[in-house]
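In what follows, a single structure is set out as structure tokens and then discussed.
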Amino acid sequence: MAGITFTVELEASAARQLDRLVERMERANGFYKNVGEYLTGVAIPRNFAAESAPDGSHWAPLSALTTARREAAGQTPIQILRATGKMAAEINAEATDDYLRVGSPAPQAAVMQFGAAQGSFGSSSRGGPIPWGDIPGRPFLGLSPDDEIEIIAIAEDWLSAE
Numbered sequence: 014m015a016g017i018t019f020t021v022e023l024e025a026s027a028a029r030q031l032d033r034l035v036e037r038m039e040r041a042n043g044f045y046k047n048v049g050e051y052l053t054g055v056a057i058p059r060n061f062a063a064e065s066a067p068d069g070s071h072w073a074p075l076s077a078l079t080t081a082r083r084e085a086a087g088q089t090p091i092q093i094l095r096a097t098g099k100m101a102a103e104i105n106a107e108a109t110d111d112y113l114r115v116g117s118p119a120p121q122a123a124v125m126q127f128g129a130a131q132g133s134f135g136s137s138s139r140g141g142p143i144p145w146g147d148i149p150g151r152p153f154l155g156l157s158p159d160d161e162i163e164i165i166a167i168a169e170d171w172l173s174a175e
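Note that the sequence shown covers residues 14 to 175 in the working numbering.
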């Protein structure tokens, strides 16, 4: 998986609780797969729909220049991070017995998640800066406090069925 993945640090009590649950699992692959399905099917789409980070803070609005460029290209001019919808649609999860990796293979995903200053990637073949303007970070990957609670519930459900 190229692009971007994320690592999560849970609140101490949630981390301890989740560690105890995972230690009791004989094979954690199914648990991690269920968490991946929750993140890619519920949590991350919720962030895109609300145009906000997992912590609930709203993404920076699109600049007037970005909106104009999108309109000229026939793309959705007002939805943040969804000019074509491709990046959001490509978010995926990879589960093993040892970890869950969630991310996007889209080349622009890391820039959208963390932001980038104008010209931070050099110049284009035409001499213009890449990116052509400052891009504010608009985090879409990560966990909200409600997601942490849901993941613990998924672990408890997995153990009760195992």
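Even for Gly, the Cβ is constructed at its ideal location relative to N, Cα and C.
At which residues does the alpha helix (DSSP H) containing G43 begin and terminate? Residues 42-51.
In the DSSP assignment, what are the bridge partners of R181? The structure shown does not extend to residue 181, since the chain is modelled only from 14 through 175, so no value can be given for it.
Using three-state DSSP, classify P144 as helix, strand or coil. Correct three-state label for P144: coil.
Contact check, V124 vs L154, beta carbons under 8 Å: Result no, Cβ atoms of V124 and L154 do not sit closer than 8 Å.
Please report the straight-line C-alpha distance between A168 and G150, rounded to a whole angstrom. Roughly 31 Å between the two C-alpha positions.
Relative to the alpha-carbon of A63, which residue among I165, E163, P152 has its alpha-carbon at the smallest distance? Considering only alpha carbons, the answer is P152.
Determine the direct distance from the alpha carbon of T97 to that of T53, and round the result to whole angstroms. Each residue's Cα considered, the two are about 18 Å apart.
Could you please give the first and the last residue of the uninterrupted alpha helix (DSSP H) stretch that includes I93? Here I93 belongs to no alpha helix (DSSP H), and DSSP marks it neither H nor E.
Could you work out which residue in D147, Q121, V55 is closest to A77 when comparing CA atoms only? Cα-wise, what sits closest to A77 is D147.
Where the alpha helix (DSSP H) containing P58 begins and where it ends: Run containing P58: 57-63, per the alpha helix (DSSP H) assignment.
Identify the residues that DSSP records as bridge partners of G128: which are they? G128 is bridged to P149.
Tell me the DSSP secondary structure of M14 in three-state form. With a pLDDT of 48 at M14, under the threshold of 50, the modelled position of that residue is not reliable, and the figure given next carries that caveat. Judged by DSSP in its simplified three-state form, M14 adopts coil rather than helix or strand.
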